[in-house]
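I have placed the structure first, in the form of C-alpha coordinates, so that the comments after it can refer back to it.
In UniProt numbering, the protein residues as written are 1 to 127.
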(Lines of atoms letter the chains of each structure in order from A and count residues from 1; the text may use other names and numbers.)
(Lines give C-alpha, C1' and ligand atoms only; values in the text may rest on other atoms or scores of the structure.)
Protein backbone atom coordinates (compact mmCIF):
# COMPACT_ATOMS: atom_id res chain seq x y z
CA UNK A 1 0.00 0.00 0.00
CA UNK A 2 2.83 2.36 0.80
CA UNK A 3 4.34 1.82 -2.64
CA UNK A 4 1.00 2.57 -4.29
CA UNK A 5 0.66 5.91 -2.48
CA UNK A 6 4.20 6.85 -3.43
CA UNK A 7 3.59 5.99 -7.11
CA UNK A 8 0.36 7.99 -7.07
CA UNK A 9 2.12 10.99 -5.50
CA UNK A 10 4.87 10.87 -8.15
CA UNK A 11 2.30 10.70 -10.95
CA UNK A 12 0.34 13.63 -9.51
CA UNK A 13 3.54 15.67 -9.14
CA UNK A 14 4.61 14.83 -12.70
CA UNK A 15 1.16 15.71 -14.08
CA UNK A 16 1.12 19.00 -12.14
CA UNK A 17 4.58 19.99 -13.38
CA UNK A 18 3.64 19.08 -16.95
CA UNK A 19 0.50 21.24 -16.77
CA UNK A 20 2.42 24.18 -15.29
CA UNK A 21 5.05 23.91 -18.03
CA UNK A 22 2.42 23.69 -20.80
CA UNK A 23 0.52 26.66 -19.36
CA UNK A 24 3.67 28.75 -19.16
CA UNK A 25 4.71 27.81 -22.72
CA UNK A 26 1.24 28.70 -24.02
CA UNK A 27 0.88 32.02 -22.20
CA UNK A 28 4.38 33.34 -22.69
CA UNK A 29 4.74 33.03 -26.44
CA UNK A 30 7.20 35.12 -28.42
CA UNK A 31 6.36 38.83 -28.34
CA UNK A 32 5.79 40.69 -31.60
CA UNK A 33 8.08 43.48 -32.73
CA UNK A 34 5.67 45.71 -34.63
CA UNK A 35 8.43 48.08 -35.78
CA UNK A 36 10.14 45.19 -37.59
CA UNK A 37 6.99 43.72 -39.16
CA UNK A 38 5.83 44.47 -42.67
CA UNK A 39 2.71 46.65 -42.69
CA UNK A 40 -0.46 44.95 -43.92
CA UNK A 41 -2.28 48.23 -44.64
CA UNK A 42 -1.05 51.71 -45.60
CA UNK A 43 -3.87 54.23 -45.17
CA UNK A 44 -4.57 57.83 -44.29
CA UNK A 45 -6.21 58.46 -40.93
CA UNK A 46 -9.42 59.51 -42.66
CA UNK A 47 -9.47 56.39 -44.87
CA UNK A 48 -8.82 54.05 -41.93
CA UNK A 49 -11.63 55.69 -39.94
CA UNK A 50 -14.11 55.48 -42.85
CA UNK A 51 -13.19 51.85 -43.65
CA UNK A 52 -13.52 50.96 -39.96
CA UNK A 53 -17.00 52.45 -39.71
CA UNK A 54 -18.14 50.95 -43.02
CA UNK A 55 -16.84 47.40 -42.44
CA UNK A 56 -16.77 47.12 -38.66
CA UNK A 57 -12.98 47.01 -38.59
CA UNK A 58 -12.53 43.26 -38.22
CA UNK A 59 -9.85 43.10 -40.90
CA UNK A 60 -7.74 45.77 -39.15
CA UNK A 61 -7.68 44.39 -35.58
CA UNK A 62 -4.27 43.08 -34.51
CA UNK A 63 -2.75 44.01 -37.89
CA UNK A 64 0.33 46.13 -38.49
CA UNK A 65 -0.79 49.39 -40.11
CA UNK A 66 0.90 52.47 -41.51
CA UNK A 67 -1.35 55.47 -40.99
CA UNK A 68 -0.68 59.07 -41.94
CA UNK A 69 -2.33 62.28 -40.93
CA UNK A 70 -1.98 65.60 -39.16
CA UNK A 71 -1.56 65.82 -35.40
CA UNK A 72 -4.67 67.43 -33.89
CA UNK A 73 -4.07 66.62 -30.20
CA UNK A 74 -1.11 65.54 -28.12
CA UNK A 75 -0.61 63.80 -24.79
CA UNK A 76 2.48 62.44 -23.05
CA UNK A 77 3.12 59.33 -25.19
CA UNK A 78 0.29 59.58 -27.66
CA UNK A 79 -1.13 61.75 -30.40
CA UNK A 80 -4.44 61.97 -32.22
CA UNK A 81 -4.29 62.13 -36.01
CA UNK A 82 -7.01 64.06 -37.85
CA UNK A 83 -9.37 63.61 -34.86
CA UNK A 84 -9.81 60.00 -36.07
CA UNK A 85 -6.95 57.85 -34.71
CA UNK A 86 -5.36 57.72 -31.26
CA UNK A 87 -1.74 56.57 -31.56
CA UNK A 88 0.18 55.34 -28.50
CA UNK A 89 3.94 55.33 -29.05
CA UNK A 90 6.50 52.89 -27.71
CA UNK A 91 8.91 55.78 -27.25
CA UNK A 92 8.11 59.30 -28.38
CA UNK A 93 11.67 60.38 -29.23
CA UNK A 94 10.94 63.24 -31.63
CA UNK A 95 9.61 66.62 -30.65
CA UNK A 96 6.18 66.86 -32.22
CA UNK A 97 3.59 69.60 -32.18
CA UNK A 98 0.00 70.14 -33.27
CA UNK A 99 -0.31 70.56 -37.03
CA UNK A 100 2.69 68.35 -37.92
CA UNK A 101 2.10 65.79 -40.66
CA UNK A 102 3.08 62.34 -39.54
CA UNK A 103 3.17 58.73 -40.74
CA UNK A 104 3.26 56.01 -38.10
CA UNK A 105 3.45 52.25 -38.04
CA UNK A 106 1.69 50.39 -35.26
CA UNK A 107 -0.75 47.67 -34.26
CA UNK A 108 -4.46 48.41 -34.57
CA UNK A 109 -6.14 47.38 -31.32
CA UNK A 110 -9.72 48.45 -31.86
CA UNK A 111 -12.20 51.29 -31.72
CA UNK A 112 -13.16 53.49 -28.79
CA UNK A 113 -16.93 53.97 -29.05
CA UNK A 114 -16.98 56.71 -26.43
CA UNK A 115 -14.32 58.90 -28.08
CA UNK A 116 -15.05 57.63 -31.60
CA UNK A 117 -11.37 56.96 -32.33
CA UNK A 118 -9.54 54.05 -33.93
CA UNK A 119 -6.78 52.99 -31.51
CA UNK A 120 -3.23 52.06 -32.49
CA UNK A 121 -0.52 51.02 -30.02
CA UNK A 122 3.18 50.06 -30.15
CA UNK A 123 3.62 52.79 -32.75
CA UNK A 124 6.81 54.18 -34.20
CA UNK A 125 7.27 57.11 -36.57
CA UNK A 126 7.87 56.20 -40.21
CA UNK A 127 8.85 59.58 -41.67
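We treat Cβ as the ideally placed atom computed from N, Cα and C, and that holds for glycine.
Where residue i falls, given that 16 or more other Cβ within 10 Å makes a residue buried
| i | result |
| --- | --- |
| residue 86 | buried |
| residue 48 | buried |
| residue 88 | buried |
| residue 45 | buried |
| residue 52 | buried |
| residue 99 | exposed |
| residue 61 | exposed |
| residue 107 | buried |
| residue 22 | exposed |
| residue 84 | buried |
| residue 94 | exposed |
Residue range of the unbroken alpha helix (DSSP H) whose run includes residue i
| i | result |
| --- | --- |
| residue 4 | 2–27 |
Inter-residue spacing [alpha-carbon to alpha-carbon] between residue i and residue j
| i | j | result |
| --- | --- | --- |
| residue 58 | residue 123 | 20 Å |
| residue 92 | residue 115 | 22 Å |
| residue 109 | residue 31 | 15 Å |
| residue 90 | residue 75 | 13 Å |
| residue 56 | residue 111 | 9 Å |
| residue 7 | residue 27 | 30 Å |
| residue 17 | residue 9 | 12 Å |
| residue 4 | residue 40 | 58 Å |
Rounded distance between the beta-carbons of residue j and residue i, thought under 8 Å
| i | j | result |
| --- | --- | --- |
| residue 13 | residue 68 | The Cβ separation is near 56 Å, so there is no contact. |
| residue 42 | residue 71 | At roughly 19 Å, the Cβ-Cβ gap does not stay under 8 Å, so residue 42 and residue 71 are not in contact. |
| residue 79 | residue 105 | No, residue 79 and residue 105 are not in contact; Cβ-Cβ is about 14 Å, not under 8 Å. |
C-beta neighbour in chain C for residue i, strict 8 Å
| i | result |
| --- | --- |
| residue 74 | In the displayed structure, chain C is absent; only one protein chain is listed. |
N-terminal and C-terminal residue of the beta strand (DSSP E) that residue i is part of
| i | result |
| --- | --- |
| residue 83 | Careful: residue 83 lies outside any beta strand (DSSP E) and carries neither H nor E. |
For this session: Ignoring anything shorter than 3 residues or poking outside the stretch 35–80, list the beta strand (DSSP E) runs there in chain order.
Result: 41–44, 64–74
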